[in-house]
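Respectively, the protein sequence lines represent chains A and B.
If you're matching positions, the first sequence starts at 540 in my numbering and goes up one per residue.
If you're matching positions, the second sequence starts at 540 in my numbering and goes up one per residue.
Report on the following structure.
There are 2 protein chains.
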Amino acid sequence: MKRSLIFAAAVLATVGMSSIALAQAPKPEDEIRYRQSVMNVIGRSFGALGAMAQGKMAFNAQLAADSAAIVDMMSKLPWNSFGPGTDKGAPTKADMKVWSDADKFKEKADKMKSEVTKLAQVAKGGDEAAIKAQVGETGKACKSCHDDFRLKEFRQ
Amino acid sequence: MKRSLIFAAAVLATVGMSSIALAQAPKPEDEIRYRQSVMNVIGRSFGALGAMAQGKMAFNAQLAADSAAIVDMMSKLPWNSFGPGTDKGAPTKADMKVWSDADKFKEKADKMKSEVTKLAQVAKGGDEAAIKAQVGETGKACKSCHDDFRLKEFRQ
């Protein structure tokens with residue numbers, strides 16, 4: 540086992556994942572990129588749910604459940620990457636209110652997480668109308684936070 | 540229900556997620572950004588596992604299991620975004636061999652997925668030595684594909 544661990548360390552050292560450095564303090568630009576990546580993954584899966592809810596894509600219960608599970612898992616990830624010092628360092632659409640009105644930002648993030656958790660539960664059940672209704676509730680939570688805390692254009 | 544669905548559609552239309560357009564054909568730049576986002580999310584969670592395997596971060600069984608579950612879910616997502624026409628359209632590190640040697644790329648992607656599935660299973664068990672060993676195996680699969688199919692610098 541010891542030899543295989545040493546080998547594992549050697550391999551990992553060469554994989555070239557800067558995130559390994561996250562055992563130490565993350566850089567602001569890495570945090571910005573990470574939260575944008577998470578939001579992008581959320582957007583893809585929620586986009587499919589939205590298209591189904593709007594009748595732009597045929598409803599597919601399995602796709603709905605899979606997409607909701609992805610959104611649910613991702614919904615837990617970005618918030619720690621809005622920490623102090625991550626308001627700049629790379630182009631970002633995060634409004635400075637994320638930091639100046641942190642309580643409200645947390646409240647809206649929590650609302651989104653709870654709607655997404657409900658969505659994942661409902662989606663497992665396969666009830667088309669219930670899923671579409673909960674997609675709408677979740678979309679409202681997304682929009683409410685974006686309206687207040689996401690700029691329309693990137694800033695440096 | 541009908542009114543709430545109409546409202547949901549109105550909300551979703553204003554959330555501003557370009558991914559909703561994915562019900563139609565995705566744009567190459569969106570596919571490139573999506574696969575990069577997925578890889579970035581994988582990198583963050585695998586980075587934590589790697590740091591634990593290398594002893595750079597204290598081993599935490601819960602964090603290991605959570606991180607492996609994220610990597611497992613994400614490992615299924617990027618491959619469809621390497622489709623025809625996505626070799627350019629935004630800066631990318633994808634080597635042209637992704638498309639010219641697609642069988643080998645698929646073989647390496649499949650190897651990565653199977654190692655990640657094993658990792659998620661082992662991580663649920665909580666056995667530190669077994670997890671660290673499987674992190675090493677998974678890292679080898681990452682590296683093997685990156686060596687052949689990921690450029691060191693972005694190209695247009």
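Where is the CB? At the ideal position from N, CA and C, for every residue including glycine.
Which of the three DSSP states, helix, strand or coil, is assigned to A/Leu588? Here residue 588 of chain A corresponds to residue number 49 of the first sequence, with the count starting at 1. It is helical.
In or out: B/Lys541 buried (at least 16 other Cβ within 10 Å) or exposed? Counting from one through the second sequence, the residue named residue 541 of chain B turns up at place 2. Because the pLDDT at B/Lys541 is just 44, under 50, the model does not fix this residue reliably, and the value given afterwards should be weighed accordingly. B/Lys541 should be labelled exposed.
Can you name, in chain order, every residue of its own chain whose Cβ lies under 8 Å from the Cβ of B/Glu692, other than the five neighbours on each side? For the purposes of this step, residue 692 of chain B is taken as residue 153 along the second sequence, with counting starting at 1. Excluding sequence neighbours, B/Glu692 sits near Lys632.
In chain A, which residues lie less than 7 Å from B/Met612 when you measure between Cβ atoms? Your numbering for residue 612 of chain B matches position 73 in the second sequence. Correct list: Ile609 and Met612.
Would you check if there are 3 or more beta carbon pairs closer than 8 Å linking the region 669-688 of chain A to the region 636-654 of chain A? yes
Counting only beta-carbon atoms, is A/Val637 nearer than 8 Å to chain B? Translated into the one-based positions of the first sequence, residue 637 of chain A becomes position 98. A/Val637 does not count as touching chain B.
Which same chain residues end up closer than 6 Å to B/Val637 when comparing Cβ atoms and leaving out the 5 residues on each side of it in sequence? For the purposes of this step, residue 637 of chain B is taken as residue 98 along the second sequence, with counting starting at 1. Only Phe621, Phe644 and Phe688 meet the Cβ criterion.
Hey, B/Ala603 and B/Ala668 are a contact pair by Cβ (cut 8 Å); roughly how many whole angstroms apart? As a first step, residue 603 of chain B must be located in the second sequence, where it is residue number 64. As a first step, residue 668 of chain B must be located in the second sequence, where it is residue number 129. No, B/Ala603 and B/Ala668 are not in contact; Cβ-Cβ is about 12 Å, not under 8 Å.
B/Lys682 and B/Ala592 closer than 8 Å at C-beta: Counting from 1 along the second sequence, the entry for residue 682 of chain B is found at position 143. Counting from 1 along the second sequence, the entry for residue 592 of chain B is found at position 53. No, the Cβ-Cβ distance between B/Lys682 and B/Ala592 is not below 8 Å.
Kindly say whether A/Asn599, judged by its beta-carbon, lies nearer than 8 Å to any beta-carbon of chain B. For this step, residue 599 of chain A is matched to residue 60 along the first sequence. False, the Cβ-Cβ gap to chain B never drops below 8 Å.
Mapping DSSP to helix, strand and coil, what is A/Leu616? Here residue 616 of chain A refers to the residue found at position 77 of the first sequence. Three-state result, A/Leu616: coil.
Evaluate A/Pro630 with the Cβ neighbour count: other Cβ atoms within 10 Å of its Cβ, from every protein chain shown; 16 or more gives buried, anything less gives exposed. On the first sequence, residue 630 of chain A is found 91 positions in, with the first residue counted as 1. With fewer than 16 Cβ atoms within 10 Å of its Cβ, A/Pro630 is classed as exposed.
Span of the beta strand (DSSP E) around A/Thr631: Position 92 of the first sequence, counted from the first residue, corresponds to residue 631 of chain A. Run containing A/Thr631: Thr631 to Ala633, per the beta strand (DSSP E) assignment.
For a contact meaning CB atoms closer than 7 Å, what does B/Ser722 contact in chain A? One cannot answer for residue 722 of chain B here, as it falls past the ends of chain B, which runs 540 to 695.
So B/Lys663 is in the beta strand (DSSP E); what residue range does that whole segment cover? Taking the second sequence and counting its residues from 1, the one referred to as residue 663 of chain B is at position 124. No beta strand (DSSP E) holds B/Lys663; the alpha helix (DSSP H) holding it covers Ala641 to Gly664.
Around the Cβ of B/Gly665, are there at least 16 other Cβ atoms within 10 angstroms (buried) or fewer (exposed)? To locate residue 665 of chain B, count along the second sequence from 1; it is residue 126. Exposed: under 16 other Cβ atoms inside 10 Å.
Ignore the nearest five residues each way along the sequence and tell me which others in B/Ile609's own chain have a CB closer than 6 Å to its CB. In the second sequence, the residue the question calls residue 609 of chain B occupies position 70. Counting only Cβ-Cβ distances below 6 Å, and skipping sequence neighbours, we find Ser584.
Using 8 Å as the threshold, is the C-beta distance between B/Met613 and B/Ile581 below it? Here the question's residue 613 of chain B lines up with position 74 in the second sequence. Here the question's residue 581 of chain B lines up with position 42 in the second sequence. Result yes, Cβ atoms of B/Met613 and B/Ile581 sit closer than 8 Å.
Return yes when at least one heavy atom of the ligand ATP lies under 7 Å from the C-beta of B/Thr677, else no. The model on display carries no ligand, and the ligand ATP is accordingly not part of it.
Quick check on the burial criterion: 16 or more other C-beta atoms within 10 angstroms. Buried or exposed for A/Ser639? Looking up residue 639 of chain A in the first sequence gives position 100. Burial call: exposed.
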